[in-house]
Amino acid sequence: AQSVAQPEDQVNVAEGNPLTVKCTYSVSGNPYLFWYVQYPNRGLQFLLKYITGDNLVKGSYGFEAEFNKSQTSFHLKKPSALVSDSALYFCAVREGNFNKFYFGSGTKLNVKP
Amino acid sequence: DGGITQSPKYLFRKEGQNVTLSCEQNLNHDAMYWYRQDPGQGLRLIYYSQIVNDFQKGDIAEGYSVSREKKESFPLTVTSAQKNPTAFYLCASSAGRTSAPEAFFGQGTRLTVV
Numbered sequence: 021a022q023s024v025a026q027p028e029d030q031v032n033v034a035e036g037n038p039l040t041v042k043c044t045y046s047v048s049g050n051p052y053l054f055w056y057v058q059y060p061n062r063g064l065q066f067l068l069k070y071i072t073g074d075n076l077v078k079g080s081y082g083f084e085a086e087f088n089k090s091q092t093s094f095h096l097k098k099p100s101a102l103v104s105d106s107a108l109y110f111c112a113v114r115e116g117n118f119n120k121f122y123f124g125s126g127t128k129l130n131v132k133p
Numbered sequence: 005d006g007g008i009t010q011s012p013k014y015l016f017r018k019e020g021q022n023v024t025l026s027c028e029q030n031l032n033h034d035a036m037y038w039y040r041q042d043p044g045q046g047l048r049l050i051y052y053s054q055i056v057n058d059f060q061k062g063d064i065a066e067g068y069s070v071s072r073e074k075k076e077s078f079p080l081t082v083t084s085a086q087k088n089p090t091a092f093y094l095c096a097s098s099a100g101r102t103s104a105p106e107a108f109f110g111q112g113t114r115l116t117v118v
């Protein structure tokens, strides 16, 4: 069965420090992996995706994510956090030939000045 | 502007009423989805449609119904059979292509039972 796990409900980081939001996945075929961000009372905004190729993918707002096939992980990273990065982050997976998405439970990122 | 439009943004329902949430997209996407989000929880799939005139139940379809008569529209009806409908509802669409597999979301409809 396909699934996504975000082991941390909340991540706290000081502004200017690097941040990591963790995600692990389980699919039976080749995965498409995604990160989304949600601000209060808004829809999800697409940040980045992994389809194939380089394990390090770059996305919007300076975010990047590292795909690790052996650890079935797709952690979101940013070298220097901003207070405006504070939001709810979701990891998602889609199995290659299917149109169904599976989302993690979300991680609340708090960036303190 | 291309995108997904959900309306209304806020909706109030009385006990026993059916209500319909609108979702329209002009991205020419084949696949469309409805998700429910409760406070502190992730997204749960209600229904999805991969093509016009076809749709499948998701994980929590009971008490909901959908139609897909046009490619650009995927309305969700919350029926009186849904006992706890207060939630934030999100509509999404995707092209389904391997080169562009991501989903795009509308801004959501917050439904409250009064």
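Which chain is which? The protein sequence lines are A and B, in order.
For the first sequence, the residue numbers in the working numbering are 21 to 133.
For the second sequence, the residue numbers in the working numbering are 5 to 118.
All residues carry an ideal CB built from backbone N, CA and C; glycine is no exception.
Remember, it's a predicted structure, so these values are computed and weren't measured experimentally.
Enclosing beta strand (DSSP E) for residue i [first to last residue]
| i | result |
| --- | --- |
| Glu28 (chain B) | 23 to 29 |
| Ser71 (chain B) | First-last for Ser71 (chain B): undefined, no H or E at that position. |
| Glu84 (chain A) | 84 to 88 |
| Asp58 (chain B) | 58 to 61 |
| Thr40 (chain A) | 39 to 41 |
| Arg48 (chain B) | 47 to 55 |
| Ile8 (chain B) | 8 to 11 |
| Lys98 (chain A) | 93 to 98 |
Chain B contact residues for residue i, given Cβ-Cβ distances below 7 Å
| i | result |
| --- | --- |
| Gly36 (chain A) | Per Cβ cutoff of 7 Å: no residues; Gly36 (chain A) is ~28 Å from chain B at best. |
| Asn48 (chain A) | The amino acid occupying residue 48 (chain A) in the given sequence is Ser; Asn does not appear at that position. None at all; the shortest Cβ gap to chain B is about 17 Å. |
| Gly73 (chain A) | The premise fails here: Gly73 (chain A) is roughly 12 Å from chain B at the closest Cβ pair, so nothing lies under 7 Å. |
Neighbouring residues, chain B, relative to residue i (Cβ below 8 Å)
| i | result |
| --- | --- |
| Phe110 (chain A) | Gly46, Leu47 |
Residue from the options whose Cα sits closest to the Cα of residue i
| i | options | result |
| --- | --- | --- |
| Leu115 (chain B) | B:Phe16, B:Ser11, B:Gly7 | B:Phe16 |
| Arg40 (chain B) | B:Gln21, B:Val118, B:Gly67, B:Pro105 | B:Gly67 |
| Ala65 (chain B) | B:Glu73, B:Asn57, B:Thr81 | B:Thr81 |
| Tyr52 (chain B) | B:Phe78, B:Gln21, B:Gln45, B:Lys18 | B:Phe78 |
| Gly82 (chain A) | A:Leu68, A:Gln91, A:Gly73, A:Ala21 | A:Leu68 |
Within chain B, the residues that residue i reaches when beta carbons sit closer than 9 Å
| i | result |
| --- | --- |
| Gly79 (chain A) | Correct list: empty, because the minimum Cβ distance to chain B is about 11 Å. |
Beta-carbon separation (whole angstroms), residue i vs residue j, contact threshold 8 Å
| i | j | result |
| --- | --- | --- |
| Phe87 (chain A) | Asn75 (chain A) | 5 Å |
| Tyr109 (chain A) | Val57 (chain A) | 6 Å |
| Gly100 (chain B) | Asn119 (chain A) | 5 Å |
Burial state of residue i, where buried means 16 or more other Cβ atoms lie within 10 Å
| i | result |
| --- | --- |
| Pro105 (chain B) | buried |
| Gly73 (chain A) | exposed |
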